[in-house]
Amino acid sequence: MFSLDHKVIGIQYLITGFLFLLFGFALMTLMRWQLAYPLQPIPFVGNLFGPERAPGGIMLPEFYNQLGAMHGTVMVFLATVPIIVGGFGNFLVPLQIGAPDMAFPKLNMLSYWSFVVGGIVMLVSFFVPGGAAQSGWTSYPPLADIMPIGQTIWLFGMVFLITSSLLGAINFIVTIVQLRTPGMTWMRLPYFVWAQFVSAFLLLLAFPPLEVAAILQLMDRIAGTSFFLPSGLVVSGQIVTGLTGQAAGRLASGGGNPLLWQHLFWFLGHPEVYVLILPAMGIVAEIIANNTRRPLWGYRAMVSSAVFIGFMSLIVWAHHMYITGMGTTLAAFFQTTTMIISIPSVIILTSLFVSLWGASIRFTTPMLFALAFLPMFGIGGLTGLPLGLAGSDTQLHDTYYVIAHFHYVVAPGTIFAMFAGVYYWYPKATGRQMNTVLGTIHFWGSFVCMNLIFMPMFLQGLGGMNRRLYDGGLQYLHNAEFLKWHIPISMAAWTLGLFQIPFLLNFFGSIKWGTAVGQNPWNATTLEWSAPSPARHGNFERPPVVRRPAYEYSVPGAPRDFTPQDAD
Amino acid sequence: MQIPYVVDTRPDTGLYNGKLGVWLFLASEVMLFGGLFSAYVLLRMGAPVWPRHALNVPMAAMNTAVLIASSMTMVMAWASLKMRQWTRARGYLAATLFFGAIFLVVKFFEYSEHLRAGENPAHSMFFAIYYTLTGVHMLHLIAGMLAIAYFLGPGARMMRQAPEQFTNRIEAVGLYWHFVDLIWIFLFPTLYLV
Amino acid sequence: MTPNEPVVPDVRRYLLVFAALLVLTIVTVAISALDLGRHAAIAIAIGIATVKASLVAMVFMHLSHERRWLLWSMGAIGIFILGLLFWPAWDIAERLSR
Chain A
217 MFSLDHKVIG IQYLITGFLF LLFGFALMTL MRWQLAYPLQ PIPFVGNLFG PERAPGGIML
277 PEFYNQLGAM HGTVMVFLAT VPIIVGGFGN FLVPLQIGAP DMAFPKLNML SYWSFVVGGI
337 VMLVSFFVPG GAAQSGWTSY PPLADIMPIG QTIWLFGMVF LITSSLLGAI NFIVTIVQLR
397 TPGMTWMRLP YFVWAQFVSA FLLLLAFPPL EVAAILQLMD RIAGTSFFLP SGLVVSGQIV
457 TGLTGQAAGR LASGGGNPLL WQHLFWFLGH PEVYVLILPA MGIVAEIIAN NTRRPLWGYR
517 AMVSSAVFIG FMSLIVWAHH MYITGMGTTL AAFFQTTTMI ISIPSVIILT SLFVSLWGAS
577 IRFTTPMLFA LAFLPMFGIG GLTGLPLGLA GSDTQLHDTY YVIAHFHYVV APGTIFAMFA
637 GVYYWYPKAT GRQMNTVLGT IHFWGSFVCM NLIFMPMFLQ GLGGMNRRLY DGGLQYLHNA
697 EFLKWHIPIS MAAWTLGLFQ IPFLLNFFGS IKWGTAVGQN PWNATTLEWS APSPARHGNF
757 ERPPVVRRPA YEYSVPGAPR DFTPQDAD
Chain B
16 MQIPYVVDTR PDTGLYNGKL GVWLFLASEV MLFGGLFSAY VLLRMGAPVW PRHALNVPMA
76 AMNTAVLIAS SMTMVMAWAS LKMRQWTRAR GYLAATLFFG AIFLVVKFFE YSEHLRAGEN
136 PAHSMFFAIY YTLTGVHMLH LIAGMLAIAY FLGPGARMMR QAPEQFTNRI EAVGLYWHFV
196 DLIWIFLFPT LYLV
Chain C
4 MTPNEPVVPD VRRYLLVFAA LLVLTIVTVA ISALDLGRHA AIAIAIGIAT VKASLVAMVF
64 MHLSHERRWL LWSMGAIGIF ILGLLFWPAW DIAERLSR
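Chains as they are written, first to last, in our numbering: chain A, 217 to 784; chain B, 16 to 209; chain C, 4 to 101.
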């Protein structure tokens with residue numbers, strides 16, 4: 217439970233993260249009912265929610281908003297990042313660089329438990345009077361400032377999660393810089409390690425401003441300050457007063473600026489999305505190299521691109537704020553940097569595509585997911601371009617188009633990479649292989665459903681349907697012809713849930729009944745496959761010596777079609 | 016296999032793990048206080064009026080000198096450890112704690128003065144950001160003092176058992192402590208002088 | 004076990020910097036009492052603070068003894084800090100000037 221071993225901690229992150237992933241998914245299934253059949257009682261579970269959330273089983277708008285805000289929060293902060301960074305990162309990075317563990321094992325354990333506490337705090341917020349946070353995962357003031365206590369709890373939860381990420385980021389960077397085994401030069405690192413390295417820097421530098429914002433919002437909500445409350449703010453016909461203590465009932469001093477929150481939030485928010493995608497690209501890169509039996513094409517370009525993305529991602533944030541009335545100079549600057557940052561992303565994707573050229577592809581289950589990642593991320597990325605340009609963003613901001621864009625990147629993007637990673641590294645963690653038939657069913661079902669869910673949302677968004685409307689836009693005439701899409705989308709979403717059952721059965725069943733395998737069942741080259749399956753405490757008997765780059769597949773003249781990094 | 020470079024430095028980077036770890040932590044702290052200063056700038060620019068001479072400059076100036084002195088004693092503590100002068104090192108660490116405590120006491124008087132006059136965080140934007148900035152700084156100071164107290168108390172065993180590693184830990188705490196001083200060096204003119 | 008990098012303590016240097024820091028503190032308080040206009044006052048105060056901070060960083064925190072890459076990395080952080088300080092301020096300035 218309180219193990220200091222990075223592999224145990226990695227699996228703890230993975231399992232906990234997947235539990236939150238399922239929880240976040242469940243929140244969404246409830247939302248999809250309301251969108252498809254607005255104001256109708258939720259079947260089966262409707263009466264479980266009580267009169268403050270769903271009287272007579274009919275979802276209240278406040279509850280819908282809670283589901284929405286928490287779906288985003290859970291998926292981003294409690295599921296995806298913990299899985300790809302905390303889970304895969306922790307498990308693999310020390311193994312891939314030939315180290316015995318992370319640089320600071322106790323800090324690692326602390327990071328995990330800080331994450332768990334943060335997650336519990338977030339869950340608890342559902343059960344307080346007024347319910348959970350309900351101002352979007354973005355918690356924009358003034359609304360978030362005046363919402364019930366669930367918002368305060370959200371802020372405290374974020375403090376724990378941010379602490380967890382910061383400590384983890386320090387651990388990753390020191391580990392990668394200091395603990396590389398002899399011969400493991402920077403350019404021999406597996407691409408996955410580079411991806412984690414850049415992501416760690418982003419977490420390290422971008423989270424603190426959000427911590428500041430959280431502190432300021434907490435001060436607004438608890439200490440009666442008005443950092444984000446403008447003077448003379450009127451809500452529902454009443455002037456906003458301080459909320460608690462001495463400030464209760466007195467006029468808020470005003471003078472605050474909601475834009476301050478937006479700047480601080482998105483300073484994190486944008487690098488955060490690169491944290492969501494870079495490790496995923498790392499996973500996909502590993503699996504593609506292995507299953508094409510060829511080196512990655514353009515490794516150096518991919519590395520430079522990852523580093524460049526990391527740097528640029530810290531100076532594009534205000535493209536989330538184009539419609540706040542910002543001036544043309546600011547908009548021009550951020551449009552420029554945003555367009556520039558799309559270039560390295562394209563380089564990485566192109567390199568991965570070209571890596572397939574002329575290869576003898578093994579269509580293993582991880583490879584199915586990795587291959588699907590490429591066009592899916594392509595769609596997600598390309599649809600981001602109109603959002604990055606202020607002119608088109610004016611039409612598309614806060615519509616279902618945005619939802620479709622980012623879900624394409626994260627859902628059949630990152631989450632597919634996660635599944636690929638699970639299928640690929642499961643033998644390293646357990647010594648057994650997952651079942652291929654179940655894996656194939658899981659893949660095709662998920663792939664089809666994801667596209668059925670998110671493709672129509674582009675249409676809805678282009679038609680002007682706003683996001684975060686508890687009735688799915690029913691009240692607005694301009695949405696009329698797009699409402700019909702809600703039902704098939706919801707059907708696809710629920711079916712997607714059903715298709716995760718083969719995965720869950722496979723994941724848990726294979727521990728006992730999966731085919732037992734040796735230490736390198738995929739015939740891979742990177743160092744983790746030189747350790748036993750499952751790897752033992754301390755990983756390697758003595759430090760491996762690395763003699764070659766990471767992807768020596770099909771080298772002419774070599775005895776086999778792969779040569780491990782540390783082979784003589 | 017043991018984790019390497021815990022005490023000795025890695026040849027190509029010139030660092031031991033803990034030192035890199037602390038510098039990275041400080042980088043994130045720079046971003047934290049940077050965010051706070053950014054909030055200050057944004058709020059002050061948007062404010063129609065901004066009070067001047069609302070704070071006690073002499074008290075704060077003295078506090079600035081106190082923190083600078085504490086930085087001096089902190090680096091001397093590390094220097095003494097490097098020269099294997101254990102008692103001196105402990106003396107300097109205690110002096111650092113002493114100066115830290117003085118800072119807190121002066122801050123306490125400062126805050127009391129304002130609160131008695133009704134100048135609490137809800138009073139105005141100026142005081143809101145004043146309490147937030149100095150409060151976050153103070154929390155960091157207290158955390159540093161707790162770390163130093165630990166190494167004077169329960170953690171002092173390592174001084175005899177693993178002197179090099181202990182010296183490294185004090186160096187790391189020292190880096191953090193100097194950073195807390197550094198932040199005040201910017202806070203003082205920003206809040207009190209301009 | 005290889006010995007630590009020789010970051011040798013230079014006590015004289017520490018004392019010199021200590022004195023300089025105290026002097027600069029007195030200077031910055033004294034200058035603030037003059038009436039120089041807001042922009043000049045801010046520039047000078049922050050300027051002196053930057054000098055003081057550099058002394059603390061370079062000497063007390065031994066940055067001048069560390070390898071170049073560490074210095075450059077910390078400097079790079081400065082770019083992001085400046086961005087975080089500058090762009091939101093520009094945003095507000097632009098809106099106020101309308």
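Glycine is no exception: its CB is placed at the ideal position from the N, C-alpha and C atoms. Nothing here was measured: the structure is a model prediction, and the numbers come from that model.
*May I ask you to report which of helix, strand or coil DSSP gives T615 of chain A?*
Residue mapping note: residue 615 of chain A aligns to position 399 of the first sequence, counting from 1. Strand.
*When the cut-off is 8 Å and only beta carbons count, does G543 of chain A lie next to chain C?*
Taking the first sequence and counting its residues from 1, the one referred to as residue 543 of chain A is at position 327. Nearest CB-CB separation between G543 of chain A and chain C: below the 8 Å threshold.
*With DSSP run on the structure shown, which of helix, strand or coil describes A464 of chain A?*
Your numbering for residue 464 of chain A matches position 248 in the first sequence. Confidence at A464 of chain A is low in this model, with a pLDDT of 49, below 50, so its placement is unreliable and the value that follows should be read with caution. In the structure shown, A464 of chain A sits in a strand (DSSP, three-state: E or B).
*Who are the near neighbours of I503 of chain A in its chain, counting only those whose CB is closer than 7 Å to its CB and skipping five residues on each side?*
Stepping through the first sequence from its first residue, residue 503 of chain A is reached at position 287. Within the same chain, and ignoring the five residues on either side of I503 of chain A in sequence, the residues whose Cβ sits closer than 7 Å to its Cβ are P582, M583, A586, A636 and Y640.
*Every unbroken beta strand (DSSP E) within the segment 400-481 of chain A, with a cutoff of 3 residues, ordered by chain*: Those beta strand (DSSP E) runs which fall completely within the segment 400-481 of chain A and span 3+ residues do not exist here.
*Along the chain, which unbroken stretches of the alpha helix (DSSP H) at least 4 residues long are found entirely within the segment 257-332 of chain A?*
With a minimum length of 4 residues, the continuous alpha helix (DSSP H) runs that stay inside the segment 257-332 of chain A are 277-289 and 306-313.
*Name the chain A residues whose beta carbon is nearer than 7 Å to that of I157 of chain B?*
In the second sequence, the residue the question calls residue 157 of chain B occupies position 142. Under the 7 Å cutoff, chain A gives no residues; its nearest Cβ is about 16 Å from I157 of chain B.
*Which partner residues of T731 of chain A appear in the DSSP bridge assignment?*
As a position in the first sequence, residue 731 of chain A is number 515, starting the count at 1. Answer is A:Q649, bridged to T731 of chain A.
*Are the segment 47-55 of chain B and the segment 92-101 of chain B touching, with three or more C-beta to C-beta distances below 8 Å?*
Touching, no.
*asked:* Please tell me whether E97 of chain C has its Cβ less than 8 Å away from any Cβ of chain B.
replied: Position 94 of the third sequence, counted from the start, is the residue given in the question as residue 97 of chain C. For E97 of chain C, the answer is no, since every Cβ of chain B falls outside 8 Å of its Cβ.
*asked:* My output table needs one value for N755 of chain A: the three-state DSSP class, helix, strand or coil.
replied: Reading the first sequence from its first residue, position 539 is the one you call residue 755 of chain A. Coil at N755 of chain A, not helix or strand.
*Which one of A:T779, A:L405, A:M681 and A:L243 has the shortest CA to CA distance from L311 of chain A?*
As a working note, residue 311 of chain A is residue 95 in the first sequence. The shortest C-alpha separation from L311 of chain A is found at A:L405.
*In chain order, what residues of the same chain lie with their CB nearer than 7 Å to the CB of G346 of chain A, ignoring the 5 residues before and after it?*
By one-based count along the first sequence, residue 346 of chain A stands at place 130. Setting aside the 5 residues that flank it on each side, G346 of chain A is surrounded in the same chain by P364, I365 and G366, each with a C-beta closer than 7 Å to its C-beta; the list follows chain order.
*Nearest-angstrom Cα distance between V56 of chain B and P316 of chain A?*
Sequence index remark: in the second sequence, residue 56 of chain B carries index 41 (1-based). Sequence index remark: in the first sequence, residue 316 of chain A carries index 100 (1-based). If you draw a straight line from the Cα of V56 of chain B to the Cα of P316 of chain A, it is about 46 Å long.
*Quick check: the segment 606-621 of chain A against the segment 526-539 of chain A, are there 3 or more CB pairs under 8 Å?*
Yes, they touch.
*Does any C-beta atom of chain C lie closer than 8 Å to the C-beta of F483 of chain A?*
Walking along the first sequence from the start, residue 483 of chain A turns up at place 267. Yes, because at least one Cβ of chain C sits closer than 8 Å to the Cβ of F483 of chain A.
*Test: G86 of chain C CB closer than 8 Å to a CB of chain A*: Taking the third sequence and counting its residues from 1, one reaches residue 86 of chain C at position 83. Taking Cβ atoms only, chain A reaches closer than 8 Å to G86 of chain C, which makes this a yes.
_Give me the chain A residues within the contact set of G189 of chain B, using Cβ-Cβ distance strictly less than 8 Å, ordered along the chain._
Counting from one through the second sequence, the residue named residue 189 of chain B turns up at place 174. Against chain A, a Cβ distance below 8 Å from G189 of chain B picks out nothing, because the smallest value is about 18 Å.
*asked:* If we define contact as Cβ-Cβ less than 8 Å, is I378 of chain A a contact residue for chain C?
replied: Against the first sequence, residue 378 of chain A aligns to sequence position 162. No, because no Cβ of chain C sits closer than 8 Å to the Cβ of I378 of chain A.
_Pop quiz: V393 of chain A and T28 of chain B are said to be a contact at Cβ under 8 Å. What is the actual Cβ separation, rounded to whole angstroms?_
Position 177 of the first sequence, counted from the first residue, corresponds to residue 393 of chain A. Position 13 of the second sequence, counted from the first residue, corresponds to residue 28 of chain B. In this structure V393 of chain A is in contact with T28 of chain B, their Cβ atoms being roughly 6 Å apart against a cut-off of 8 Å.
_Using DSSP's beta-bridge definition, name the partner residues of Y769 of chain A._
The sequence position of residue 769 of chain A within the first sequence is 553, counting from 1. Paired residue(s): A:F778.
_Using 8 Å as the cut-off, can you tell me whether the segment 418-430 of chain A makes contact with the segment 117-128 of chain B, which would need three or more C-beta pairs spanning the two stretches below that distance?_
Contact fails: fewer than three Cβ-Cβ distances are below 8 Å.
_Counting beta carbon pairs with one atom in the segment 431-447 of chain A and one in the segment 496-511 of chain A, are three or more of them shorter than 8 Å?_
The segment 496-511 of chain A vs the segment 431-447 of chain A: no contact.
*Limits of the unbroken alpha helix (DSSP H) element including P178 of chain B*: Mapped onto the second sequence, residue 178 of chain B falls at position 163. It spans P178 to F203 - the alpha helix (DSSP H) in which P178 of chain B sits, taken as one unbroken run.
*Enclosing alpha helix (DSSP H) for H42 of chain C [first to last residue]*: The sequence position of residue 42 of chain C within the third sequence is 39, counting from 1. Run containing H42 of chain C: R41 to L58, per the alpha helix (DSSP H) assignment.
*Name the chain B residues whose beta carbon is nearer than 9 Å to that of M61 of chain C?*
Along the third sequence, one-based indexing puts residue 61 of chain C at 58. Chain B residues near M61 of chain C: none, gap ~11 Å exceeds 9 Å.
*Measure from the C-beta of L395 of chain A to each C-beta in chain B and report whether the shortest distance is under 8 Å.*
Along the first sequence, one-based indexing puts residue 395 of chain A at 179. True, the Cβ-Cβ gap to chain B drops below 8 Å.
*May I ask you to verify whether the segment 286-306 of chain A touches the segment 236-253 of chain A, counting CB pairs closer than 8 Å and requiring at least 3?*
Three or more Cβ pairs closer than 8 Å define a contact, and the segment 286-306 of chain A meets that threshold against the segment 236-253 of chain A.
*Segment limits, alpha helix (DSSP H) that includes L377 of chain A*: Indexing the first sequence from 1 puts residue 377 of chain A at position 161. G366 to Q394 is the extent of the alpha helix (DSSP H) around L377 of chain A.
*Mind checking L70 of chain B: buried by the 16 CB within 10 Å criterion, or exposed?*
Walking along the second sequence from the start, residue 70 of chain B turns up at place 55. By the 10 Å Cβ count, L70 of chain B comes out buried.
*In three-state terms, what does DSSP make of T736 of chain A?*
Residue mapping note: residue 736 of chain A aligns to position 520 of the first sequence, counting from 1. In the sequence as displayed, the identity of residue 736 of chain A is Asn instead of Thr. Coil.
*Using a Cβ cut-off of 8 Å (strictly closer), state whether I525 of chain A contacts chain C.*
Taking the first residue of the first sequence as 1, we reach residue 525 of chain A at position 309. False, the Cβ-Cβ gap to chain C never drops below 8 Å.
*Measuring CA to CA, which of B:G168, B:F142, B:G159 and B:F181 is closest to S86 of chain B?*
Sequence index remark: in the second sequence, residue 86 of chain B carries index 71 (1-based). For S86 of chain B, the nearest C-alpha among the options comes from B:G159.
_Residue nearest to G106 of chain B in terms of C-alpha spacing, selected from B:G150, B:L39, B:M16 and B:T88_ = Numbered from its first residue, the second sequence carries residue 106 of chain B at position 91. Per the Cα distances, B:T88.
*Of the choices B:G61, B:Y145, B:R172 and B:S43, whose alpha-carbon is the least far from that of E97 of chain C?*
By 1-based counting over the third sequence, the position of residue 97 of chain C is 94. Shortest Cα-Cα distance from E97 of chain C to any of B:G61, B:Y145, B:R172 and B:S43 involves B:G61.
*In angstroms, rounded to a whole number, what distance separates the CA positions of I559 of chain A and T566 of chain A?*
Here the question's residue 559 of chain A lines up with position 343 in the first sequence. Here the question's residue 566 of chain A lines up with position 350 in the first sequence. Spanning the two alpha carbons is a distance of roughly 10 Å.
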